[in-house]
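Here the sequence shown stands for residues -11 to 410, numbered as in the working numbering. Cβ atoms here follow ideal geometry from the backbone N, Cα and C, with glycine treated the same way. Notes follow the structure.
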Amino acid sequence: MRQLGGIAYSPSTFFTTPVCEQLCQFLIDSTHGHMSRAYLVSSGSEAMEAAMKLARQYYLEKEAAEPQRHLFIARERSYHGTTLGALSMGGHVTRRANFTPMLINNIVSHVSPCYSYRGKTPGESDKSYVARLARELEDEFVRVGPEKVCAFVAEPVVGAALGCVPSLPGYFREMKTVCDRYGALLIMDEVMSGMGRLGTLHAWEDEDVVPDIQTIGKGLGGGYQPIAGVLINRKVSEALEKGSRCFVHGHTYQGHPVACAAALAVQQIIQEDGLLGNVRTMGQVLSELLRKGLQDEPYVGDIRGKGLFWGIEFVRNRDTKEPWPQEAHVATGISDLGRTEDYGIVVYPGAGTVDGILGDHIIVAPPYTVTKRDVEHVAETVTRLIKGSLRHSISSSSITTFGELILRRTADDGVFTLISAY
-11 MRQLGGIAYS PSTFFTTPVC EQLCQFLIDS THGHMSRAYL VSSGSEAMEA AMKLARQYYL
49 EKEAAEPQRH LFIARERSYH GTTLGALSMG GHVTRRANFT PMLINNIVSH VSPCYSYRGK
109 TPGESDKSYV ARLARELEDE FVRVGPEKVC AFVAEPVVGA ALGCVPSLPG YFREMKTVCD
169 RYGALLIMDE VMSGMGRLGT LHAWEDEDVV PDIQTIGKGL GGGYQPIAGV LINRKVSEAL
229 EKGSRCFVHG HTYQGHPVAC AAALAVQQII QEDGLLGNVR TMGQVLSELL RKGLQDEPYV
289 GDIRGKGLFW GIEFVRNRDT KEPWPQEAHV ATGISDLGRT EDYGIVVYPG AGTVDGILGD
349 HIIVAPPYTV TKRDVEHVAE TVTRLIKGSL RHSISSSSIT TFGELILRRT ADDGVFTLIS
409 AY
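Right, here's the structure in full:
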């Protein structure tokens, strides 16, 4: 409110504001010297678009320019935003489907994600699996022409597309080694998993690797204002400083002072109230309670995550990992049922974990401020929701479409509101 009473808006093409400078400096300082510049926008999609352009401009302006570099390698079953460049970067099949003819597929190719639950072969060790993924990335560099690649793009913990799948230890170190070998940059998309969600302000802090370019978003402003950003390391910033001395890009509301004030306040509270420590502590409690409550559920295939960012994947057969058919709408059905009076909880549903189409999961992501009592309530409610909807309903019903099942259940209970129809 104080910011609204002061400088409510300033066109950043011509002017800067103290609060924008303060937030940028805070973000740079929080990386302990690893990042040197910050660029603030209004959404995660905008941040990814900016990251792509920064990578391209770096190769145009570095001392030994490489103007032929214009390609990107990303991962299947990933999500990087809704704008056409960001959507092209992602490998989220259903979100891309309607817009495939419009995507810039000629500059982006995709490799396998680090998804040990379904990606590892029988008897394969984590180390061998990571080495295989590194070879796949290297093969893709060679296939498209290593001298043409700007960057490899990946989420430290895959959010919407896979349901909170963290990378295995050493994965990003191996990927960075491949990037360095061919002179490409590493871009980490931390829009969903960064800014405290995992228990560190930056997700890469647990990866033993620092990216060249990093996107941030959701946790930056905590929803109080639309704000996201891009951080770049000294290698990238120095190339631009010695070149054009500007970033050839811009948005009307980039670095918006009111959004910056909100984000700065959020980050100060996270720091002053010790919320990163709370995320780590409560995340461990949530993990233990979910695993304990769901360990015997035959339709729960995998529970994975980090900090206060957890995913639960559902299967039709736990031994074979067979997914439910797409028309069953399992994850969406669970989410819809969770919002009824009996449960009163919001979980984030997703599909496509197996091949972009099949495979259901939900995400459980409580706020950083949760207490142990809150976490116990969340875990108990999620466990009860899953048991009530899957174990006792699907297994005993001949109905294969979960939306129909919910309608049948609510009608039987005397509640005739159509929660969801498929």
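Given residue i, which residues of its chain have a CB within under 8 Å of its CB, disregarding the five upstream and five downstream residues?
{"i": "residue 289", "result": "105, 301, 302, 303, 306 and 309"}
{"i": "residue 53", "result": "47"}
{"i": "residue 122", "result": "162, 163, 165 and 166"}
{"i": "residue 124", "result": "99 and 100"}
Counting only the same chain and skipping the five closest in sequence on each side, list residues whose C-beta sits under 6 Å from that of residue i.
{"i": "residue 39", "result": "175, 201, 203 and 218"}
{"i": "residue 227", "result": "46, 49 and 50"}
{"i": "residue 5", "result": "-5, -2 and 245"}
{"i": "residue 86", "result": "none"}
{"i": "residue 159", "result": "102 and 118"}
Rounded to a whole number of angstroms, what is the C-alpha to C-alpha distance between residue i and residue j?
{"i": "residue 33", "j": "residue 352", "result": "22 Å"}
{"i": "residue 385", "j": "residue 377", "result": "Confidence at residue 385 is low in this model, with a pLDDT of 44, below 50, so its placement is unreliable and the value that follows should be read with caution. Going from the Cα of residue 385 to the Cα of residue 377 covers about 11 Å."}
{"i": "residue 157", "j": "residue -5", "result": "46 Å"}
{"i": "residue 283", "j": "residue 354", "result": "21 Å"}
{"i": "residue 205", "j": "residue 71", "result": "15 Å"}
{"i": "residue 120", "j": "residue 273", "result": "33 Å"}
{"i": "residue 264", "j": "residue 297", "result": "13 Å"}
{"i": "residue 399", "j": "residue 329", "result": "Confidence at residue 399 is low in this model, with a pLDDT of 40, below 50, so its placement is unreliable and no value can be given for it."}
{"i": "residue 230", "j": "residue 222", "result": "12 Å"}
{"i": "residue 389", "j": "residue 133", "result": "Since pLDDT at residue 389 reaches only 46, below the 50 mark, its modelled position is unreliable, and no value is offered."}
{"i": "residue 414", "j": "residue 25", "result": "Here the chain has residues from -11 to 410 only, and residue 414 is not among them."}
{"i": "residue -10", "j": "residue 8", "result": "14 Å"}
{"i": "residue 311", "j": "residue 22", "result": "42 Å"}
{"i": "residue 322", "j": "residue 173", "result": "40 Å"}
Kindly indicate the opening and closing residues of the alpha helix (DSSP H) around residue i.
{"i": "residue 177", "result": "Not the alpha helix (DSSP H): residue 177 falls in the beta strand (DSSP E), residues 173 to 178."}
{"i": "residue 160", "result": "159 to 169"}
{"i": "residue 225", "result": "222 to 230"}
{"i": "residue 365", "result": "360 to 374"}
{"i": "residue 33", "result": "32 to 49"}
{"i": "residue 13", "result": "6 to 17"}
{"i": "residue 255", "result": "245 to 260"}
{"i": "residue 106", "result": "104 to 107"}
{"i": "residue 119", "result": "114 to 132"}
{"i": "residue 273", "result": "263 to 282"}
Using a Cβ-Cβ cutoff of less than 7 Å, which residues in the same chain neighbour residue i once the five nearest sequence positions on both sides are dropped?
{"i": "residue 214", "result": "30, 31 and 247"}
{"i": "residue 178", "result": "144, 190, 191, 202, 203 and 204"}
How would you write the range of the beta strand (DSSP E) that residue i sits in, first residue to last?
{"i": "residue 27", "result": "25 to 29"}
{"i": "residue 213", "result": "Per DSSP, residue 213 belongs to no beta strand (DSSP E) and is neither H nor E."}
{"i": "residue 56", "result": "Where residue 56 is concerned, there is no enclosing beta strand (DSSP E), given that its DSSP letter is neither H nor E."}
{"i": "residue 184", "result": "Where residue 184 is concerned, there is no enclosing beta strand (DSSP E), given that its DSSP letter is neither H nor E."}
{"i": "residue 299", "result": "297 to 302"}
Rounded C-beta distance between residue i and residue j? I'm assuming under 8 Å.
{"i": "residue 65", "j": "residue 340", "result": "6 Å"}
Are the C-beta atoms of residue i and some chain C residue less than 8 Å apart?
{"i": "residue 212", "result": "The chain labelled as chain C is not found in the depicted structure, where only one protein chain is given."}
Check whether the segment 236 to 252 and the segment 188 to 202 touch, using three or more Cβ-Cβ pairs below 8 Å as the test.
no
Across the segment 249 to 266 and the segment 53 to 71, are there enough close Cβ pairs to call them in contact, namely three or more that are closer than 8 Å?
Between the segment 249 to 266 and the segment 53 to 71 there are fewer than three inter-stretch CB-CB distances shorter than 8 Å, so the stretches are not counted as touching.
Within the chosen definition, does the segment 136 to 154 reach the segment 70 to 90 through at least 3 CB pairs nearer than 8 Å?
yes
Are the segment 186 to 195 and the segment -6 to 14 in contact at 8 Å, needing three or more beta carbon pairs?
Segment contact: the segment 186 to 195 against the segment -6 to 14, fewer than three CB-CB distances shorter than 8 Å; contact not assigned.
With a cut-off of 8 Å, do at least 3 Cβ pairs link the segment 78 to 98 to the segment 112 to 122?
They do not touch, by the three-pair rule.
The segment 275 to 282 touching the segment 359 to 371, judged by at least three CB pairs closer than 8 Å:
Touching, yes.
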